[in-house]
Structure formats: C-alpha cells, structure tokens
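Asks: Residue numbers (UniProt numbering), protein chains in the order written: chain A, 1 to 201; chain B, 1 to 201.
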DNA sequence: TCGGCGATGACAGTTACTGACATCAGTCGC
DNA sequence: GCGACTGATGTCAGTAACTGTCATCGCCGA
C-alpha cells in the first residue's frame, strides 16, 4: 500500500460535490472539502487551480471528443452537420451518468460563480469546434457561426434535458429537435426590411 | 461645493480601466484603484459588488435596450427579425464611443476572469431577449433559440468589429452580414443522415 | 543501501471582500 | 437658526481564497 490513500483528486471532487449539495457553494470552505477528503487545503490547490475548478475537471476530455466528432464527420456533411455529429458524440457521455450530471448541474445552476465557469468552458468548446471546422476547410466566419450556434443549441437542449424529472427524452434527441426547429425558424424568416440598413456589398 | 468630489463611481471606473490597461488586471489591487480615484478600498466595494464589476456597470442599460428593441419590432417580424432589430439598437451604443469600447474589450480579452464575467452578462442579455420574445407570443423553444443564436451572432460580429484596426465596417453591418451567412448555412445544410438517431416523434 | 523523486504537510503572507461603527456636510422640520 | 436626520465616506477588524517556500518521508532505481 502506498504512503497515501490513492485517488486524492477524485476524493476531493466527490467531497466538494457532496458539500456543495449539502450547504451550498459559498457556505463551503476549501479547508472543509480537503478535510472530508482526508487532505489539507494546500493539497486541494495542487490538484485544482481554484475552488470552482473542482467541479469542472471531470475525467472525460469533452474538448477532444468534440474535435474528433467534427474531424470524423463524413466529407459530404456541411459545417452544421459536422457540429451536430460532434454534439451527438458528447451527449453519449452525459447519458452514461445522468444522476451525477444532474446533481452537478443543480449545484452549478444555483451559484452564479459556477455558472460563469460553466459558460467559459462552453465557450472553449465552441472555440475547439471552430478550429476543427477550419481544419476541414470551412471559412472562418462560417466556422465560427456553426460552432457558436451549435453550442447555443446544445445549451438549450441540455437545459431541457436536465429539467426533465422523468428522463423521458434523451439528450441527443433534444439536440436534433432543437436544431430542426432552428432550421425551420431561419428558413421561415423572410429577408424582412432591415431598419436603417441597406443590403449589398 | 460638496463635501466630496462628485462622480465617485465614474472616477473609480476610469481609474480601473487605466490601471488595468497599464499593468493588467491581476497586477492591480483594488486599493490602488481607489487610491487613484481619491477614495478608499471600502468605498470601492460600496459602488461595485466585486473587482470585476467595475468594468461592467456602464451607464447604458443594454438589457432594457434589447427588451425594448424586441418589443417595438413590427408585428410582422419573426423572432429572428425581432432579435436582429434589438441587436441593431444596441450596436448604436457601441458605435458612439468606439475607442472606449475597444480599450475595454482589449482588457477583457486579456483576462480570463473578466471574460467569464463578460460571458455571463451576454447570457443575461440572451435571457432578456428570450423573455421579450415570449411576451410577443413566441413559443418557449423558438424564443430561446432565436435569443441564443442572436447573441452568438452578436458575439462573432462584435469580435470582428473590435479586431478591425481601420474601423472600416460598422457593427450593425457586421451583425446583419453574419446573420445572412447563418441563414444561408442553415438553409444549405440538407437534412443529412443523423448517426444512430431515427427521426419522427 | 543510498540518493533522488513525488505527493503531501506546515506555515506565513497577500488580497478580495464583509460587517460594524464613527464622521461630518448638507438638509429638513420647526 | 438650531437640532435631528441622512447619506456618502473613512477606519478597523476579520474571513477565506490563493501562493510561495521549505520540510517530510515512503518509494524506486542505481
């Protein structure tokens, strides 16, 4: 047996999720998290850059999964389709541990500080998608738009999925339904008059 | 003359922007900001909830502007058009003080902590747009999608606008061009095969 | 067996942020 | 015109997030 209990990092992450759920994020000190994990505050900060990050360093590399999802999409797929494929890929990860994901999401939703961190993570996902699309030869503007709207669709679908009490509909389905709705909306919206702006280029 | 110099809040915001530009956000303490404004640290925190907020409490109520922009869009306008009108409305605010906006943006871009705060502000804008659309009778899903994709378009257009060294193209134009590109992309993307997912309901 | 490595502990220090109380120019009621 | 009241500020003490530095000590390879 080693000098220390193994999996210090996982123990810290688990203790943090428990305590945040019990007393809330702000009412929990880092020292308390470390204590429950049988470690000290200093060691906590050796594993996580800050108090928030303990909820955002899960085992799975979602960024990589997104990049691969785009890269492996068929050549015939347009930017939006490639992004949709990537989103479908990561939705499988969430589907594996729905209870854990929902518990974590409840804590994040309840705490503005954690929502900020979540948003910047999602923004970095969008950035990864953009890069992956550009590698497929997609022009910069189209790549950014597909990536950002893709993540917007994901956020909305995930929100709906997490709110479900009955877990009736799976995440991939919600993503594709939302994407279809978006297609219908953008198609349906005629090129109306634009206030004070003349078209052309 | 009053007991204190007037506009304490504005002095603090100005001092902060200057110092963040000179030494960077992390290398600047709140005490230094307050000192340059002729005040104390405690007074800083009476005006701003935290150190970041000093860059995000500008005079203009962008949220309200967005809500009104949607509310005042013609009845014939679809959700996307209403959002486009609202975005056009706030782009005018940025166009009024381009130098200030760009300086502020440079500081925000350089600091992850500030980027987080920026993202949550934009998310709250999306939320405001969603509510305003729902008040027009737009169904929940369509409202969320129009609002979130609208803000995605805004982020991309703003990024491009801020990067321009020559200020050649105005923000409203970039927003509408991006929106047109998005329309073209979603329309062009055929309903491809969806991996492991059967359509229907 | 010895010496370096790596994860941890111990401890002091900085800074963001908060609560409680004091100060004092203007202002309002009388 | 005087006293109570208000509102913006200062002062001070305290908490907690985070960092730098050095010590500790099983393990592992030479």
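Ideal Cβ positions, reconstructed from N, Cα and C, are used throughout, including at glycine.
Short of 6 Å in beta carbon distance, which residues of its chain neighbour residue 201 of chain B, apart from the five on each side in sequence? Order them along the chain.
Replies: Note that residue 201 of chain B scores a pLDDT of 37, beneath 50, so its modelled location is shaky; the value from the coordinates is reported in the next line. Correct list: empty, nothing qualifies.
Asks: Under 9 Å between C-beta atoms, does residue 26 of chain A make it to chain B?
Replies: Taking Cβ atoms only, chain B never reaches closer than 9 Å to residue 26 of chain A, which makes this a no.
Asks: Entirely within the segment 81-151 of chain B and at least 4 residues each: give me those alpha helix (DSSP H) ranges in chain order.
Replies: With a minimum length of 4 residues, the continuous alpha helix (DSSP H) runs that stay inside the segment 81-151 of chain B are 98-109, 112-135.
Asks: Use the C-beta contact count for residue 100 of chain A: other C-beta atoms within 10 angstroms, 16 or more gives buried, fewer gives exposed.
Replies: Exposed: under 16 other Cβ atoms inside 10 Å.
Asks: For residue 140 of chain A versus residue 185 of chain B, is the C-beta distance shorter than 9 Å?
Replies: Their beta carbons are not under 9 Å apart, which means residue 140 of chain A does not touch residue 185 of chain B by this criterion.
Asks: When you check each C-beta in the segment 119-134 of chain B against every C-beta of chain A, which residues fall closer than 7 Å?
Replies: The segment 119-134 of chain B vs chain A, Cβ under 7 Å: 119, 120, 123.
Asks: Mind listing the chain A neighbours of residue 117 of chain B? Cutoff is C-beta to C-beta under 9 Å, in chain order.
Replies: Near residue 117 of chain B (Cβ distances below 9 Å), the residues of chain A are 116.
Asks: Of all Cβ atoms in chain A, is any one closer than 9 Å to the Cβ of residue 213 of chain B?
Replies: Here chain B covers residues 1 to 201 and nothing more, so residue 213 of chain B does not appear.
Asks: Got a sec, what are the start and stop residues for the alpha helix (DSSP H) residue 41 of chain A sits in?
Replies: Counting along the chain, the alpha helix (DSSP H) containing residue 41 of chain A begins and ends at 41-47.
Asks: Between B:96, B:35, B:75, which has its C-alpha nearest residue 60 of chain B's C-alpha?
Replies: The candidate whose alpha carbon is nearest that of residue 60 of chain B is B:96.
Asks: Distance, Cα to Cα, residue 63 of chain B vs residue 72 of chain B?
Replies: Distance between the alpha carbons of residue 63 of chain B and residue 72 of chain B is about 14 Å.
Asks: What is the DSSP secondary structure of residue 186 of chain B, counted as helix, strand or coil?
Replies: Helix, per DSSP.
Asks: Run down chain A in chain order and give the residues with a C-beta less than 9 Å from the C-beta of residue 178 of chain B.
Replies: The contacting residues are 141, 144, 145.
Asks: Between residue 40 of chain A and residue 34 of chain A, how many whole angstroms is the CB-CB distance? I'm expecting something under 8 Å.
Replies: Confirmed, Cβ separation roughly 5 Å.
Asks: For residue 128 of chain A, tell me which candidate among A:98, A:51, A:66 has the shortest Cα-Cα distance.
Replies: Selected option, being the one with the closest Cα: A:66.
Asks: Please report the residue range of the alpha helix (DSSP H) in which residue 20 of chain A lies.
Replies: 8-23 is the span of the alpha helix (DSSP H), which, as asked, contains residue 20 of chain A.
Asks: Taking DSSP as the reference, what is the three-state secondary structure of residue 194 of chain B?
Replies: Its pLDDT being 43, under 50, residue 194 of chain B is placed unreliably by the model, and the measurement read from it follows with that caveat. Here residue 194 of chain B sits in coil by DSSP.
Asks: Which stretch, first to last residue, makes up the alpha helix (DSSP H) that contains residue 69 of chain A?
Replies: Unbroken alpha helix (DSSP H) run through residue 69 of chain A: 62-71.
Asks: Whose C-alpha, out of A:150, A:12, A:36, A:103, is nearest the C-alpha of residue 164 of chain A?
Replies: Comparing Cα-Cα distances from residue 164 of chain A to each of A:150, A:12, A:36, A:103, the minimum goes to A:103.
Asks: Compare the C-beta of residue 187 of chain A with all C-beta atoms of chain B and state if any pair is closer than 9 Å.
Replies: For residue 187 of chain A, the answer is yes, since a Cβ of chain B falls inside 9 Å of its Cβ.
Asks: Assess contact between the segment 103-117 of chain B and the segment 76-85 of chain B, defined as three or more Cβ pairs (one per stretch) separated by less than 8 Å. Is contact present?
Replies: Touching, no.
Asks: If the criterion is Cβ atoms closer than 9 Å, does the pair residue 8 of chain B and residue 36 of chain B meet it?
Replies: For residue 8 of chain B and residue 36 of chain B, no; Cβs fall outside 9 Å.
Asks: Would you check if the distance between the CB atom of residue 106 of chain A and the CB atom of residue 24 of chain A is smaller than 9 Å?
Replies: The answer is no: Cβ separation not under 9 Å.
Asks: Distance cutoff 9 Å, beta carbons only. Does residue 38 of chain A sit that close to anything in chain B?
Replies: With 9 Å as the cut-off, residue 38 of chain A does not count as an interface residue toward chain B.
Asks: Count the other C-beta atoms from every protein chain shown that fall within 10 angstroms of the C-beta of residue 161 of chain B, then say buried if there are 16 or more, exposed otherwise.
Replies: It is buried - the Cβ of residue 161 of chain B has at least 16 other Cβ atoms within 10 Å.
Asks: Quick one: is residue 3 of chain A buried, meaning 16 or more other Cβ sit within 10 Å of its Cβ, or exposed?
Replies: Residue 3 of chain A comes out exposed.
Asks: Exposed or buried, which one is residue 92 of chain A when buried takes at least 16 other CB atoms within 10 Å?
Replies: Exposed, by the Cβ-count rule.
Asks: For a quick check, are the C-beta atoms of residue 118 of chain B and residue 56 of chain B less than 9 Å apart?
Replies: Closer than 9 Å, so yes.
Asks: Would you say residue 181 of chain A reaches chain B, if we count a Cβ-Cβ gap shorter than 9 Å as a contact?
Replies: For residue 181 of chain A, the answer is yes, since a Cβ of chain B falls inside 9 Å of its Cβ.
Asks: Using only alpha-carbon positions, find the residue among B:177, B:11, B:120 that is nearest to residue 44 of chain B.
Replies: The shortest C-alpha separation from residue 44 of chain B is found at B:11.
Asks: What is the C-beta distance between residue 79 of chain B and residue 146 of chain B, in whole angstroms, given that I count them as a contact (C-beta under 8 Å)?
Replies: The pair is a contact, with the Cβ atoms about 4 Å apart (cut-off 8 Å).
Asks: Given that a residue counts as buried once 16 or more other Cβ atoms are within 10 Å of its Cβ, and exposed if not, what is residue 28 of chain B?
Replies: So residue 28 of chain B counts as buried.
Asks: Could you confirm whether any beta carbon from chain B is found closer than 9 Å to the beta carbon of residue 111 of chain A?
Replies: Chain B, which has no Cβ nearer than 9 Å to the Cβ of residue 111 of chain A, makes this no.
Asks: Whose C-alpha, out of A:181, A:123, A:32, A:175, is nearest the C-alpha of residue 90 of chain A?
Replies: Closest by alpha carbon: A:175.
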